[in-house]
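Peer 1: So that we are looking at the same thing, I have put the structure below in structure tokens.
In this note's numbering, the protein residues as written are 4 to 162.
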């Protein structure tokens with residue numbers, strides 16, 4: 004109990020300002036989103052990923068990606084970069100990057116536009132496969148990336 008009280012007192016003595024809190028929230032949410040994206044994109048021999056979908060019918064997936072102006076080279080390159088990000092930043096605190104955690108971003112050179120393109124493209128492929136292979140009546144919320152508020156409203160109306 005004393006350890007808890009000491010920790011609580013230490014936290015209370017820290018002057019945490021709203022902008023610092025917001026910045027920490029931003030990084031936490033961003034890392035969480037990236038972690039989930041990595042689950043879908045990065046190939047691992049112990050898990051199922053989008054790579055398994057590609058292996059099943061590479062030609063069909065390639066056509067669907069190209070409909071979103073995504074070439075397989077872009078997909079493969081960004082998958083490798085996300086794997087490095089997972090291994091060096093998301094999965095644990097890598098000693099190599101301890102002094103400068105942002106250095107990984109300089110090395111992998113992924114932009115917000117790259118992530119947006121990847122997410123929209125993979126979402127499109129999965130949606131098309133679902134509609135063509137499983138059901139013409141989607142049981143999920145449509146998301147067109149215009150606004151998160153619009154997404155929440157649609158989800159609320161659906162449920």
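C-beta: ideal position from N, C-alpha, C; glycine also.
Could you round the C-beta distance between residue 71 and residue 124 to whole angstroms and report it? I think they count as a contact, below 8 Å.
Peer 2: Locating residue 71 in the chain shown gives position 68, where the first residue counts as 1. Locating residue 124 in the chain shown gives position 121, where the first residue counts as 1. The Cβ separation is near 4 Å, so the contact holds.
Peer 1: Just to confirm before moving on: does the CB-CB distance between residue 84 and residue 111 stay below 8 Å?
Peer 2: Residue numbering aside, residue 84 sits at position 81 when the chain shown is read from its first letter. Residue numbering aside, residue 111 sits at position 108 when the chain shown is read from its first letter. The beta carbons of residue 84 and residue 111 sit closer together than 8 Å.
Peer 1: Which residue from 119, 63, 30 and 134 puts its Cα closest to that of residue 81?
Peer 2: On the chain shown, residue 81 is found 78 positions in, with the first residue counted as 1. Looking at the Cα atoms, 119 is the closest of the given residues.
Peer 1: Cα separation between residue 138 and residue 103?
Peer 2: Position 135 of the chain shown holds residue 138. Position 100 of the chain shown holds residue 103. If I take the Cα positions, the gap works out to 48 Å.
Peer 1: Rounded C-beta distance between residue 86 and residue 45? I'm assuming under 8 Å.
Peer 2: Here residue 86 is taken as the residue at index 83 of the chain shown, counted from 1. Here residue 45 is taken as the residue at index 42 of the chain shown, counted from 1. Right, their Cβ atoms sit about 5 Å apart.
Peer 1: Residue 52 and residue 66: beta carbons closer than 8 Å?
Peer 2: The residue you call residue 52 lines up with position 49 of the chain shown. The residue you call residue 66 lines up with position 63 of the chain shown. It is not a contact, given that the beta carbons lie outside the stated cut-off.
Peer 1: Looking only at its own chain, which residues have a Cβ that is under 8 Å from the Cβ of residue 99, when we skip the five neighbours before and after it?
Peer 2: For this step, residue 99 is matched to residue 96 along the chain shown. Taking residue 99 as the centre and dropping the five residues before and after it, the same chain places the C-beta of 91 closer than 8 Å to its C-beta, in chain order.
Peer 1: Buried or exposed for residue 107, please, with buried defined as at least 16 other CB atoms from any protein chain shown within 10 angstroms of its CB.
Peer 2: For the purposes of this step, residue 107 is taken as the residue at position 104 of the chain shown. With 16 or more other Cβ atoms within 10 Å, it is buried.
Peer 1: On the three-state DSSP scale, how would you describe residue 39?
Peer 2: Mapped onto the chain shown, residue 39 falls at position 36. The answer is helix: DSSP assigns residue 39 an H, G or I state.
Peer 1: For residue 127, I'd like the list of residues in its chain whose CB is within less than 6 Å of its CB, leaving aside the five on either flank, ordered along the chain.
Peer 2: To locate residue 127, count along the chain shown from 1; it is residue 124. Cβ within range, chain order: 71.
Peer 1: Return the Cβ separation of residue 68 and residue 122 in integer angstroms, given the expectation that the two are a contact with Cβ distance under 8 Å.
Peer 2: Numbered from its first residue, the chain shown carries residue 68 at position 65. Numbered from its first residue, the chain shown carries residue 122 at position 119. About 12 Å separates the two Cβ atoms, so there is no contact after all.
Peer 1: Check for me: the alpha helix (DSSP H) holding residue 106 runs from which residue to which?
Peer 2: The residue given as residue 106 occupies position 103 in the chain shown. Note, residue 106: alpha helix (DSSP H), 106-111.
Peer 1: Is the CB-CB distance between residue 132 and residue 88 below 8 Å?
Peer 2: As a position in the chain shown, residue 132 is number 129, starting the count at 1. As a position in the chain shown, residue 88 is number 85, starting the count at 1. Cβ atoms of residue 132 and residue 88: not closer than 8 Å.
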